[in-house]
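**Student:** Below: one structure in structure tokens.
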Amino acid sequence: MQGPPPSGQFMGKWSGEYPASFSWHPLIDHCADVAACFESLLKIPLIRKRLARSCGKGDLTPRQIARLSELAAWHDLGKINRGFQEHHKGEMAQRRGGHVGEAGYLIEKCFLRKDMGSTSIIPMVWIEYE
């Protein structure tokens, strides 16, 4: 898309100089693209089985592949913050924001279940549940 995004739209990727030659890709579309690519990669038996073995499994079920692909879509969750969305503008350089630490904070405060005796962000029980 060309020009600055409308209010309420979040950017996943952008290029060019703001505002003259600025183009951007909506965050929701970027995340959907990543999920689709991840799912396609898991259709390759060698990649799928190596990932499964890293989790102590022989292979992944179609449901596990779908759930992992959904998680891949969330990879840029931290981009939904004003600092990140505005740091492409030169005058916002002092208020620049990232997206990794911001997502980490959200995951730690909202999703990390230390009370379950695990430091895993996504409990395997969620991925394995049929």
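In our numbering, the protein residues as written are 73 to 202.
From the three backbone atoms N, C-alpha and C, an ideal C-beta is built for every residue, glycine too.
(1) Could you round the C-beta distance between TRP96 and PRO77 to whole angstroms and report it? I think they count as a contact, below 8 angstroms.
(2) For GLN74, which residues from the same chain have a beta carbon less than 6 angstroms from its beta carbon, with the 5 sequence-adjacent residues on both sides left out?
(3) Looking only at its chain, what residues have a beta carbon closer than 7 angstroms to the beta carbon of ASP228, apart from the 5 residues adjacent to it on each side?
(4) In terms of residue numbering, what span does the beta strand (DSSP E) encompassing HIS97 cover?
(5) Where PRO134 and TYR90 are concerned, what is the direct C-alpha to C-alpha distance, given to the nearest angstrom?
(6) Kindly provide the ranges of any beta strand (DSSP E) runs that are 3 or more residues long and lie completely inside the segment 123 to 168, ordered along the chain.
(7) What does DSSP give as the partner residues of MET83 in its beta bridges?
(8) With 16 as the cutoff for other CB atoms within 10 Å, does ILE119 come out buried or exposed?
(9) For ALA108, which option in GLY150, LYS129 and TRP146 has the closest C-alpha, if you only look at C-alpha atoms?
(10) Leaving out five residues before and five after GLU174 in sequence, what residues of the same chain have Cβ atoms less than 6 angstroms from its Cβ?
(11) What does a CB cutoff of less than 8 angstroms around ASP131 pick up in its chain, not counting 5 residues either side in sequence?
**Tutor:** Taking the coordinates as given:
(1) In the sequence shown, the residue the question calls residue 96 occupies position 24. In the sequence shown, the residue the question calls residue 77 occupies position 5. Between PRO77 and TRP96 the Cβ distance is about 6 angstroms, and since that is below 8 angstroms, they are a contact.
(2) Translated into the one-based positions of the sequence shown, residue 74 becomes position 2. Correct list, in chain order: SER95.
(3) For residue 228 there is no data in the structure shown, the boundaries of the chain being 73 and 202.
(4) Numbered from its first residue, the sequence shown carries residue 97 at position 25. From DSSP, the beta strand (DSSP E) with HIS97 extends over 95 to 98.
(5) As a position in the sequence shown, residue 134 is number 62, starting the count at 1. As a position in the sequence shown, residue 90 is number 18, starting the count at 1. Answer to the nearest angstrom: the Cα atoms are 43 angstroms apart.
(6) none
(7) Counting from one through the sequence shown, the residue named residue 83 turns up at place 11. For MET83, which the question treats as bridged, DSSP gives the partners PRO98.
(8) Position 47 of the sequence shown, counted from the start, is the residue given in the question as residue 119. It is exposed - the Cβ of ILE119 has fewer than 16 other Cβ atoms within 10 Å.
(9) By one-based count along the sequence shown, residue 108 stands at place 36. Checking every option, the nearest Cα to that of ALA108 belongs to TRP146.
(10) For this step, residue 174 is matched to residue 102 along the sequence shown. GLY150 and ASN153.
(11) Position 59 of the sequence shown holds residue 131. So the list reads ARG120, LYS121 and ALA124, once near-sequence residues are dropped.
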